[in-house]
Each structure stands twice: as C-alpha cells, then as structure tokens.
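S.K.: This is the structure, below, for whatever I ask next.
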Amino acid sequence: MHSLKYQLYTAAEIRSIEDRAMRPTSHQGMGLSGYTLMQRAGEAAFEQMLQHWPETCAVSVICGKGNNAGDGYIVARLACQFGMRVQLIALASPEILQGDARTAFEDFVAVGGVVAPAGQAIEHALVVDALLGTGFRPPLRDPYVDMICRINESSAAVLALDVPSGVDPDTGAVSRLQGDALAVRASITVSFIGRKIGLYTGAAKAFVGELRIADLGIADASRSISTPTSLLTWQYKQLPTIALYAHKHQRGKVVIIGGDLGMGGAVLLAAEAALRCGAGLVSVVTQAEHRTALLARLPEAMFIDSESADLGQTLDAADFMVIGPGLGRRAWGAKLFALAAAAATPKLIDADGLYWLAKAEERPLNEIFITPHSGEAAKLLDVDVSEIEADRLNAGSKLAQRYACNVVVKGPGSVVVTRQGAQICAHGGPAMATAGMGDVLSGVCAGLLAPLYATTEQSLVCDQFAQAVALHSASADLAAQELGPHSVLATDVTVRIPTVLAGKAKLNG
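Heads up, the numbering used here is the position in the sequence shown plus 656, with the first residue counted as 1.
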C-alpha cells in the first residue's frame, strides 16, 4: 500500500532527504554539495524541456529570489550553452541572491547571460517558471501576483520547476484573486527528488499539467523517511479471487437505503454498481413508488418496502449496507437513518445520510465508511468549505478521528484515510462532476467490501475501500477517454467498471 514507488512527501520531508544526501559518507550521507543537487535539478528540467519542445530555439526564464530561482538560472545557462535565445526576467535583483542560488546566477552571467528587469514583457513562446518553490505558503503577495498573471496571460507553454508558483506543496491549496484560483498554469511540472503531496490534490490539480519526477540520483536516500501518505492507483491484481465453491451469500448481502419521493435514481445507481463490483445479493429499501422502475431496470436487485415490519432484522442480517443515496431530509429519511445507525452491520454513509450523521447525537454502531465531498465534510466538521479546501488531507484525518471511521474526501485528488494511513487518488478528473457519481461510488464500495464481511477476509477491508475509490475514478477516466469529458454520465462509469475491474482498460497517464 505504501511502497516507495508511490510515496508522497511534505516539503519538510524532501528537505530532510536533501540534508541526508549532503552529509559526508562517513555519516551515512552521499557527500553531495547543495550546488551539485541544484545543478542536477536544472539539468533534469532542461532535459525535459528538450524532450517536450525539441524544436524550441528561444525561452523566457522567470526567476524569483530563492533556491527555485537558482534552478532557473541553471536552466537559463544550459539553454545559452545550447545556442538558444534566452530571456531571463528577474523578479528580484540578483544581487540579493545568496549561497547556491548566487553561484547559479554568476555561472549564468559567465556564459554571457543577461538579466532583464521584472517589468520587461515576456518575449518567447516557452516560459520556465522559477519564481516560487517548496517554501511557498498562500497567500500570494505582490509582485508575484502580477508576474503570475502575466505568465498565464502570455499564452506561452510553461515548464514549472519543482512546483507551479502559487501552489502549496503540502496541501495543494492555491491563493484566490477576486474569487478565482491563482497560480502558474503549467504545461509540464518537473518535481525534484520525490512526489509532493500538494501536486496531487485540491486546486493544484488544475495547475500542475503533466507531472514528471526527477529523483536527482538520491532516491535511495528517501528510504528512511516514514510518512503515512501515498499515491493511490487502481491495482486489479489486488482484487480477492472468488472461491470455486462460493455461492451468492458468500459474496455478500448488501442493503441500500434511500430514494425518497422523486429520488429513486440514486439507489438504483448504487445498486447496479454494487452488483457489478461483486456483491452476491443486493436489496434496496426505498419508497414504494420506485419499485416498478427498480425491477424493470435492475431485475437482479430485490425491493424492500421501507415500511416493512421486518426491516430491522433485514438490516442486521446484511453483510454491508449503504445509507444515504436520495435519502432526503424529511422525517422518512430521519427514521431510516436512525434504524440503519442502530443496526449491527458495517455501513457506508453518503449524501443525505451525512446530513443526518452530522445531526446525530450518538455514533452509528459497527465499522463506518463515509464519502463526503468538501461541502459535506465542512458540515461534519462544522467549518467553512474554504477550510476543507485549504488542506484536504488534514480534513480527512480529522473526519476519521471525529467519527472513528474510514473516509474519502471526494474531489480533485480524492483523499482516503483509514487506520492504515492516508492515500491520494491518482485517477479521476472534471468529467466526474456530474449527478449520480457519488451514488455509483457508494455502490462500488459496497460491492468490494460486502464479500469481505461475508467471509473471513476483513483484514483486507481498508485496502479494498481505497481500491474501490481508485476503481470508480479509473472507470470514470476510461469513460472520459472514450466519450469526452463533457458527455460522461454516472451510468457510463458503471458500464465501464467490468473492463477496469478485469484489468483490460488502457488508461491514459
């Protein structure tokens, strides 16, 4: 789950790796100098520039005043030596540069490089962003606001060094200007040493572009870093096999509760996804008016009247339940939520179920899974949505602690937190911003988790909950590839689940 290949790091952890690499070999280091690492960073970025824009003959490099600027001066020097026309715009006077960044500037000047003042217009169609590095935390301040706006308005392709300027490397948070997120909109980001958490979640996802990691030859130095955060990808080979002697009861009995008047589609979407993902039996507790539509669309599912006298026993006999899709906020939904919360059955709470969870005085019984988006997470934690978006990983951890649950905070770079640690989903995109996606996710989770509770494989629960999130997002990516991001419906995701589930999908990225 947390292999080195998929490890995510904070800026402080990256600095710790650098520090160890610069220790003498007699002190278990690599004996590298800071300037050697800076040169390697500049060389890695320049190599990526040549690979992605092999025809380029001119580049504008825009530098700030820290080590990120030093990386930029090295790229500029290499471009000069390669015979390119180089415009270097310095946002701060090079005279204030210190240490390795100062050396990089002097080496640039030594090969004939010239520094232009901050006010000079951006001349070339390729820009290297070397303004702000991993030390940045919002908010953005002048003169960076003006320069970042100029870069984004230039229509140039952008190569960002380490992180796009304006992105918080630890959280993915981005400053806002008149309500709009503001950071350098990179075409490619070359990040150094290891994967930064903030490049994979939140508003940052819209600014990173194509991400490349350059370990600078010190990947081995990271092995002693112990962090609970990793990148989540769909791994179809981790799916438990179905025993040859299995029958439907051993593949899990799922009960899905919701679908108040006029909202029957939500439980239908969840039920179909649960069946597609391996549940042996799926029953739907909903309003009587939805019975015909449910059985016509999904004859494999069973209808249970929400007024049934035996409903409590049915819930206790299930292996897993989902409460919330289309549940509504009327007395009908409140009554069903209370009944579900008291049932001795593992349960996933979503949608309006989260509304009732936030109001509940007692925590529901047995193991709980919740799947809020940022707005729902804010209500559960009694904070503003902006606080959730400022640090989605921290929000997930707080939810897990407050509700003693396993949680996914949905959105760009969905955050999954379980007792095994935290993961950020590598799949998914804007095509998922459409009605019913959360209902499908609820069903996917039920389909993967119910078989575990029906047998003796509960040690796999945390892993399979995370894999359910990855499967759902990867299936949405496949739908977006085939249909285009504007046309994806929740049902399109369900249709593609079998292909992704079987490991037959060829996903981009």
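In this text, a Cβ means the ideal position worked out from N, Cα and C, and glycines have one as well.
Since we're looking at a predicted model, the values are computed, not measured.
Looking at the secondary structure, which residues open and close the alpha helix (DSSP H) in which Ile730 lies?
M.R.: Where Ile730 is concerned, the enclosing alpha helix (DSSP H) stretches over Asn723 to Gln737.
S.K.: Buried or exposed: Val717, going by 16 or more other Cβ atoms within 10 Å of its Cβ?
M.R.: With 16 or more other Cβ atoms within 10 Å, it is buried.
S.K.: Under a three-way DSSP split, which group does Glu1017 fall into?
M.R.: Coil at Glu1017, not helix or strand.
S.K.: Could you round the C-beta distance between Leu1055 and Thr885 to whole angstroms and report it? I think they count as a contact, below 8 Å.
M.R.: No, Leu1055 and Thr885 are not in contact; Cβ-Cβ is about 16 Å, not under 8 Å.
S.K.: For Met977, tell me which candidate among Ala735, Arg986 and Ile1026 has the shortest Cα-Cα distance.
M.R.: When each option's Cα is compared against that of Met977, the closest is Ile1026.
S.K.: Hey, how far is the Cα of Gly858 from the Cα of Ala829?
M.R.: C-alpha separation (whole angstroms): 6 Å.
S.K.: Pick out whichever of Thr1090, Ala1087 and Gly1052 has its Cα sitting closest to the Cα of Thr1074.
M.R.: When only C-alpha atoms are compared, the closest one is Gly1052.
S.K.: Go to Ala1033, then tell me how far its alpha helix (DSSP H) extends in each direction, as first and last residue.
M.R.: Residues Ser1030 to Leu1037.
S.K.: Please go through the same chain and pick out, in chain order, the residues whose beta-carbon is closer than 6 Å to the beta-carbon of Lys1035, but skip the five residues on each side of it.
M.R.: Cβ within range, chain order: Ala1014.
S.K.: Can you list, in chain order, the residues of its chain with a C-beta nearer than 8 Å to that of Pro773? Leave out the 5 residues immediately preceding and following it.
M.R.: The answer, listed in chain order, is Ile745 and Ala746.
S.K.: Give the secondary structure of Lys904 by DSSP, where H, G and I count as helix, E and B as strand, and everything else as coil.
M.R.: DSSP places Lys904 in helix when its eight states are reduced to three.
S.K.: Here's the rule: buried if 16 or more other CB atoms are within 10 angstroms of the residue's CB, otherwise exposed. What is Val1071?
M.R.: Result: buried.
S.K.: Taking DSSP as the reference, what is the three-state secondary structure of Glu866?
M.R.: Correct three-state label for Glu866: strand.
S.K.: Three-state secondary structure (DSSP) at Tyr856?
M.R.: It is coil, neither helix nor strand.
S.K.: Pick helix, strand or coil for Asn1164, following the three-state DSSP scheme.
M.R.: The answer is coil: DSSP assigns Asn1164 none of H, G, I, E or B.
S.K.: Rounded to the nearest angstrom, how far is the Cβ of Phe761 from that of Tyr800, given a contact under 8 Å?
M.R.: Their Cβ separation, rounded to whole angstroms, is 19 Å, which puts Phe761 and Tyr800 out of contact at 8 Å.
S.K.: Given a cut-off of 8 Å on the beta-carbon distance, is the pair Arg733 and Gly769 in contact?
M.R.: A contact, by the Cβ cut-off of 8 Å.
S.K.: If the criterion is Cβ atoms closer than 8 Å, does the pair Asp969 and Gly936 meet it?
M.R.: It is Gln, not Asp, that sits at residue 969 in the sequence shown. Against a cut-off of 8 Å, the Cβ pair of Gly936 and Gln969 comes out as no contact.
S.K.: Could you check which residue in Gly980, Gly918, Asp818 and Gly920 has the C-alpha nearest to that of Leu788?
M.R.: It is Asp818 whose Cα lies nearest to the Cα of Leu788.
S.K.: Should Gln834 be counted as a contact of the ligand SAH given a C-beta to heavy atom distance under 7 Å?
M.R.: Inclusion of the ligand SAH in the displayed structure is not the case, the ligand content being empty and no account of it being possible.
S.K.: Just tell me which of Leu693, Ser682, Gln684 and Tyr665 has its CA closest to the CA of Glu674.
M.R.: Ranking Leu693, Ser682, Gln684 and Tyr665 by Cα distance to Glu674 puts Leu693 first.
S.K.: Could you tell me which residues DSSP pairs with Asp675 in its beta bridges?
M.R.: DSSP, once it has assigned bridges, lists no residue as partnering Asp675.
S.K.: Going by other Cβ atoms of all chains shown within 10 Å of its Cβ, with 16 needed for buried, is Ser1115 buried or exposed?
M.R.: Label assigned to Ser1115: exposed.
S.K.: Could you spell out the range, first to last residue, of the alpha helix (DSSP H) harbouring Arg1058?
M.R.: Its alpha helix (DSSP H) spans residues Arg1048 to Tyr1059.
S.K.: Is the separation between the beta-carbon of Arg953 and that of Leu924 shorter than 8 Å?
M.R.: Going by C-beta atoms, Arg953 is nearer than 8 Å to Leu924.
S.K.: Please classify Thr1112 as buried or exposed, where buried requires at least 16 neighbouring CB atoms within 10 angstroms.
M.R.: Classification of Thr1112: exposed, given that the 10 Å Cβ count is below 16.
S.K.: Considering only DSSP beta bridges, list what Asp961 is partnered with.
M.R.: Its beta-bridge partners are Thr942.
S.K.: What three-state label does DSSP hand Arg985 in the structure shown?
M.R.: Reduced to three states, the DSSP call for Arg985 is coil.
S.K.: Would you kindly work out how many angstroms separate the C-alpha atoms of Gly685 and Asp785, rounded to a whole number?
M.R.: Looking at the two C-alpha atoms, the distance is approximately 31 Å.
S.K.: What do you reckon, are the CB atoms on Ile804 and Val783 nearer than 8 Å?
M.R.: Their beta carbons are not under 8 Å apart, which means Ile804 does not touch Val783 by this criterion.
S.K.: Is the stretch 692–708 touching the stretch 839–855, taking contact as three or more C-beta pairs under 8 Å?
M.R.: Judged by Cβ distances under 8 Å, the stretch 692–708 makes contact with the stretch 839–855, as three or more pairs qualify.
S.K.: Answer with buried or exposed for Gln943, where buried requires no fewer than 16 other C-beta atoms within 10 angstroms of its C-beta.
M.R.: Burial call: buried.
S.K.: For the alpha helix (DSSP H) containing Asn1062, name the first residue and the last one.
M.R.: First-last for Asn1062: Asn1062 to Val1065, but that is the beta strand (DSSP E), not the alpha helix (DSSP H).
S.K.: Enumerate, from N- to C-terminal direction, the unbroken alpha helix (DSSP H) stretches of 4 or more residues contained entirely within the stretch 737–806.
M.R.: Runs of the alpha helix (DSSP H) inside the stretch 737–806: 755–766.
S.K.: So is Tyr901 buried or exposed if we call it buried at 16+ other beta carbons inside 10 Å?
M.R.: Looking at its Cβ environment, which holds fewer than 16 other Cβ atoms inside 10 Å, Tyr901 is exposed.
S.K.: With burial defined as no fewer than 16 other Cβ atoms inside 10 Å of the residue's Cβ, what is the status of Ala974: buried or exposed?
M.R.: The residue in question, Ala974, is buried, as its Cβ has 16 or more Cβ neighbours within 10 Å.
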